[in-house]
Amino acid sequence: MRSSRGARKLAQAAYRSRQCCCARRMEVSDWTQELRRTCQKRVMKEHEDFLSTRDYSRICALVYAEAGIHLGTGKKTMLEARVKRRLKALQIESYKEYCDFVFDNQEGRKELPHLIDVVTTNKTDFFREPGHFDFLASRALPELMSRNRLGRPLTVWSAGCSSGEEPYTLAIVLSEYGENHPGFRFRILATDICSTVLNKADRGVYTKEVVSPIPAPLKRKYLLRSRDPGSNLVRVTPELRRTVEFRQLNFMDDDYRVTEPVDAIFCRNVIIYFDRPTQERILRKLARCLAPSGYLFVGHSETLHDMDLPVLPVAPALYRRIED
Ligand SMILES: C[S@@+](CC[C@H](N)C(=O)[O-])C[C@H]1O[C@@H](n2cnc3c(N)ncnc32)[C@H](O)[C@@H]1O
Numbered sequence: 358m359r360s361s362r363g364a365r366k367l368a369q370a371a372y373r374s375r376q377c378c379c380a381r382r383m384e385v386s387d388w389t390q391e392l393r394r395t396c397q398k399r400v401m402k403e404h405e406d407f408l409s410t411r412d413y414s415r416i417c418a419l420v421y422a423e424a425g426i427h428l429g430t431g432k433k434t435m436l437e438a439r440v441k442r443r444l445k446a447l448q449i450e451s452y453k454e455y456c457d458f459v460f461d462n463q464e465g466r467k468e469l470p471h472l473i474d475v476v477t478t479n480k481t482d483f484f485r486e487p488g489h490f491d492f493l494a495s496r497a498l499p500e501l502m503s504r505n506r507l508g509r510p511l512t513v514w515s516a517g518c519s520s521g522e523e524p525y526t527l528a529i530v531l532s533e534y535g536e537n538h539p540g541f542r543f544r545i546l547a548t549d550i551c552s553t554v555l556n557k558a559d560r561g562v563y564t565k566e567v568v569s570p571i572p573a574p575l576k577r578k579y580l581l582r583s584r585d586p587g588s589n590l591v592r593v594t595p596e597l598r599r600t601v602e603f604r605q606l607n608f609m610d611d612d613y614r615v616t617e618p619v620d621a622i623f624c625r626n627v628i629i630y631f632d633r634p635t636q637e638r639i640l641r642k643l644a645r646c647l648a649p650s651g652y653l654f655v656g657h658s659e660t661l662h663d664m665d666l667p668v669l670p671v672a673p674a675l676y677r678r679i680e681d
């Protein structure tokens with residue numbers, strides 16, 4: 358009798374547990390189905406949401422007119438990925454809505470600098486294309502200094518300076534040169550169109566990975582470690598930062614507002630983003646800012662071949678202003 362009551366209780370418990378499991382399985386399967394439906398909707402939405410050909414062309418034309426940057430065909434996916442950052446920042450749902458805002462709205466004009474910020478490519482490095490810095494220290498500086506009897510500081514311009522790695526490399530090279538040449542004075546002008554990178558450059562804070570191309574003795578001399586021992590950040594010393602003047606400048610501007618003659622311009626890995634007529638126009642304006650016999654450094658993948666400019670080639674990716 359006892360054992361049959363026990364067996365009944367066990368059977369009832371097993372039945373309840375099975376019911377419970379079924380209910381849970383139902384809940385789980387409902388939930389997973391719902392999740393699958395949501396994911397499908399999202400994938401469909403993402404799939405549906407792309408820049409139309411018309412909007413892609415409109416953005417390309419605007420970026421070209423404002424910044425000279427030639428996106429051309431085949432950059433649509435890249436542009437979508439970059440513009441998406443603006444959609445997120447503005448909490449705008451679709452590319453169409455974003456383009457309506459940029460093109461059909463008075464307020465849209467204010468969006469232009471942000472759009473230019475996201476379309477620029479800012480890749481850079483400390484001591485990038487290091488042969489140029491060797492040339493500057495071992496050949497150009499001694500020669501320029503022997504000529505430079507003007508009593509003015511030597512001026513070097515990092516044109517398209519991105520987040521500051523190039524001008525700070527120049528500052529290190531020139532400071533080192535100055536240590537062995539008493540009386541040597543210099544100033545560095547660093548310009549870019551993009552305000553985000555300029556703010557970063559001005560702060561002069563970098564991760565340890567980013568400063569890894571700087572030789573160790575120079576790191577010890579020109580970089581400050583954080584007080585927090587766990588921090589991965591270093592900062593350019595205030596003395597070095599003071600040698601660089603950062604300024605916003607768009608190469609499409611008529612007047613570059615550079616009044617002092619410049620002894621060397623580093624405009625490297627910049628003109629690659631412009632079409633040939635724009636490259637030539639910009640380089641002519643830059644060459645005008647050079648002192649006679651001043652140097653123009655461009656990126657190793659850039660060439661001035663067949664351009665009508667007042668410069669002569671002297672080494673790979675290096676030109677010199679023709680004397681007046
Ligand atoms: C790839 S980075 C080159 C940085 C550095 N010169 C180097 O070689 O490492 C190109 C820079 O050119 C700037 N740039 C693009 N269009 C410009 C324009 N119209 N006026 C001024 N700077 C521009 C970008 O914002 C970007 O920071």
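The opening position of the sequence shown corresponds to residue 358 in my numbering, with each subsequent residue numbered one higher. Note that CB positions come from ideal geometry on N, CA and C, so glycine has one too.
Can you grab the Cα-Cα spacing for the pair residue i / residue j, in whole Å?
i, j, result
"residue 665", "residue 613", "20 Å"
"residue 558", "residue 531", "18 Å"
"residue 432", "residue 439", "11 Å"
"residue 617", "residue 453", "46 Å"
"residue 583", "residue 673", "39 Å"
"residue 636", "residue 425", "9 Å"
"residue 675", "residue 451", "45 Å"
"residue 681", "residue 504", "15 Å"
"residue 561", "residue 589", "14 Å"
"residue 400", "residue 430", "Confidence at residue 400 is low in this model, with a pLDDT of 48, below 50, so its placement is unreliable and the value that follows should be read with caution. Roughly 26 Å separates the two Cα atoms."
"residue 420", "residue 473", "7 Å"
"residue 598", "residue 525", "8 Å"
"residue 490", "residue 511", "15 Å"
"residue 537", "residue 499", "11 Å"
"residue 471", "residue 479", "14 Å"
"residue 620", "residue 509", "11 Å"
"residue 417", "residue 492", "38 Å"
"residue 645", "residue 407", "43 Å"
"residue 488", "residue 567", "19 Å"
"residue 403", "residue 449", "Low local confidence applies: a pLDDT of 48 at residue 403 is under 50, so the model's placement there is unreliable, with the coordinate-based value given in what follows. Distance between the alpha carbons of residue 403 and residue 449 is about 13 Å."
"residue 744", "residue 610", "Absent from the model: residue 744. The displayed extent of the chain is 358 to 681, so no value can be given."
"residue 659", "residue 534", "28 Å"
"residue 657", "residue 550", "22 Å"
How about residue i and residue j: do their beta carbons lie closer than 8 Å?
i, j, result
"residue 575", "residue 529", "yes"
"residue 427", "residue 579", "no"
"residue 586", "residue 484", "no"
"residue 625", "residue 486", "yes"
"residue 600", "residue 654", "no"
"residue 447", "residue 413", "no"
"residue 603", "residue 639", "no"
"residue 523", "residue 623", "yes"
Looking at chain D, is there any beta carbon in it that lies within less than 8 Å of the beta carbon of residue i?
i, result
"residue 409", "In the displayed structure, chain D is absent; only one protein chain is listed."
Per DSSP, which residues does residue i bridge with? Please list them.
i, result
"residue 543", "511"
"residue 426", "631"
"residue 672", "675"
"residue 621", "513 and 652"
"residue 602", "546"
"residue 591", "563 and 582"
"residue 647", "619"
Can you tell me the Cβ-Cβ gap for residue i and residue j, rounded? I've got them flagged as a contact below 8 Å.
i, j, result
"residue 554", "residue 515", "Their Cβ separation, rounded to whole angstroms, is 12 Å, which puts residue 554 and residue 515 out of contact at 8 Å."
"residue 652", "residue 494", "The pair is not a contact, with the Cβ atoms about 13 Å apart (cut-off 8 Å)."
"residue 548", "residue 606", "4 Å"
"residue 415", "residue 458", "With a Cβ gap of about 12 Å, residue 415 and residue 458 do not count as contacting."
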